[in-house]
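Worksheet: one structure, shown below.
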Amino acid sequence: MKIESSLASGRELASERGRPSTKKSRKRRRRPGSMPGLVQRLFETCKEVFADGRAGFLPSPEDVVRLRSILDNMNASDVGLSQNMPYFWNVEPQGTPPITYLHLYECDKFSIGIFCLPPSGVIPLHNHPGMTVFSKLLFGSMHIKSYDWVDVPKYSNDVINPAHSVQSPGVCLAKVKTNAIFTAPCEASILYPADGGNMHCFTARTSCAVLDVLGPPYSDPEGRHCTYYNNFPYASFPETAVLVPGEGEGYAWLEEREKPDDFVVFGAKYSGPRIMER
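Numbering (full-length UniProt numbering), first residue to last: 1 to 278.
Next comes the structure, spelled out in structure tokens:
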């Protein structure tokens with residue numbers, strides 16, 4: 001956040017009134033540094049919550065509450081964003097508009113970043129292997145659809161579904177976790193390595209911004225690849241039904257795919273409050 005102007009005006013005021021000497025004025029001078037901003041508090045809390053840093057790590061319920069409470073109190077102004085920025089303009093007359101990513105911080109244990117979506121922007125269906133993810137909608141409205149694997153090991157990129165994989169390799173059964181429209185202000189959502197909606201898709205109904213915390217972040221060398229999926233209605237493969245007839249509602253078949261050609265993400269410089277490493 002650009003605070004230079006407010007600091008300058010404070011110095012001018014002190015100069016006009018003379019050197020402050022009272023206990024009250026000394027407290028006033030210390031106050032700006034006594035309470036870190038929300039971005040700094042988020043960073044410091046992430047350092048504590050994700051100190052373990054390993055894939056598949058689950059934060060304690062108390063740590064989840066701590067981190068979520070910070071995110072729930074954040075909005076666009078806390079990270080230096082406003083809806084009239086070019087990131088949120090849809091300049092594409094047809095097709096899917098590009099998305100902008102603002103990088104705040106990343107280490108081998110966690111990452112913090114913001115996705116800026118213009119109206120009709122889409123982040124296609126993808127997974128988060130071995131990760132705990134906190135997502136906070138800072139402003140706007142978006143549709144979120146998410147899935148969990150029906151049969152999944154504790155931590156694996158593979159899904160065990162013998163009844164289906166024999167006839168349709170690469171297509172596995174998933175259960176719909178979320179299928180709803182979210183409008184800010186709303187609570188942060190949380191997903192875990194094997195549940196909570198580990199695979200999700202975002203579709204912007206209006207311009208919107210989503211702050212993501214990933215612990216740990218994606219890492220190709222460590223096997224945490226971002227995988228994209230096609231989704232098919234449960235009834236698409238009747239020859240390999242694994243549920244009792246009539247129970248297919250709320251389920252879908254997911255098939256791995258390459259990154260969609262129309263999913264374009266541009267990186268941009270984050271201009272909000274800086275994170276200070278200590």
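Built from N, CA and C at the ideal position, the CB exists for glycine as well.
What residues match up with residue i in a beta bridge as DSSP calls it?
i, result
"residue 149", "174"
"residue 133", "191 and 214"
"residue 199", "147"
"residue 204", "142"
"residue 180", "144"
"residue 224", "219"
"residue 251", "175"
"residue 256", "229"
"residue 96", "Paired residue(s): none; residue 96 is not in a bridge."
"residue 101", "115 and 267"
"residue 209", "116 and 139"
What three-state label does DSSP hand residue i in the structure shown?
i, result
"residue 261", "coil"
"residue 66", "helix"
"residue 276", "coil"
"residue 279", "Outside the shown range of the chain (1 to 278) lies residue 279, about which nothing can therefore be said."
"residue 125", "strand"
"residue 110", "coil"
"residue 118", "coil"
"residue 77", "helix"
"residue 86", "helix"
"residue 234", "helix"
"residue 52", "coil"
"residue 46", "helix"
Beta-carbon separation of residue i and residue j under 8 Å?
i, j, result
"residue 49", "residue 67", "yes"
"residue 144", "residue 180", "yes"
"residue 193", "residue 108", "no"
"residue 197", "residue 146", "yes"
"residue 214", "residue 128", "yes"
"residue 96", "residue 120", "yes"
"residue 140", "residue 55", "no"
"residue 136", "residue 188", "yes"
"residue 115", "residue 212", "yes"
"residue 38", "residue 74", "yes"
"residue 202", "residue 275", "no"
"residue 210", "residue 98", "no"
"residue 200", "residue 125", "yes"
How long is the line joining the alpha carbons of residue i and residue j, rounded to whole angstroms?
i, j, result
"residue 151", "residue 230", "18 Å"
"residue 117", "residue 76", "13 Å"
"residue 102", "residue 186", "21 Å"
"residue 60", "residue 93", "46 Å"
"residue 261", "residue 64", "35 Å"
"residue 171", "residue 255", "4 Å"
"residue 149", "residue 177", "10 Å"
"residue 106", "residue 62", "23 Å"
"residue 253", "residue 82", "38 Å"
"residue 206", "residue 142", "7 Å"
"residue 296", "residue 184", "There is no way to answer for residue 296, as the model of the chain reaches only from 1 to 278."
"residue 271", "residue 47", "22 Å"
"residue 43", "residue 235", "45 Å"
"residue 273", "residue 257", "37 Å"
"residue 24", "residue 41", "At residue 24, the pLDDT of 41 sits below 50, so the modelled position is not reliable and the matter cannot be decided from this model."
"residue 266", "residue 87", "9 Å"
"residue 224", "residue 51", "18 Å"
"residue 80", "residue 250", "39 Å"
"residue 208", "residue 227", "24 Å"
"residue 182", "residue 195", "19 Å"
"residue 269", "residue 36", "22 Å"
"residue 134", "residue 278", "23 Å"
"residue 69", "residue 104", "19 Å"
"residue 45", "residue 191", "18 Å"
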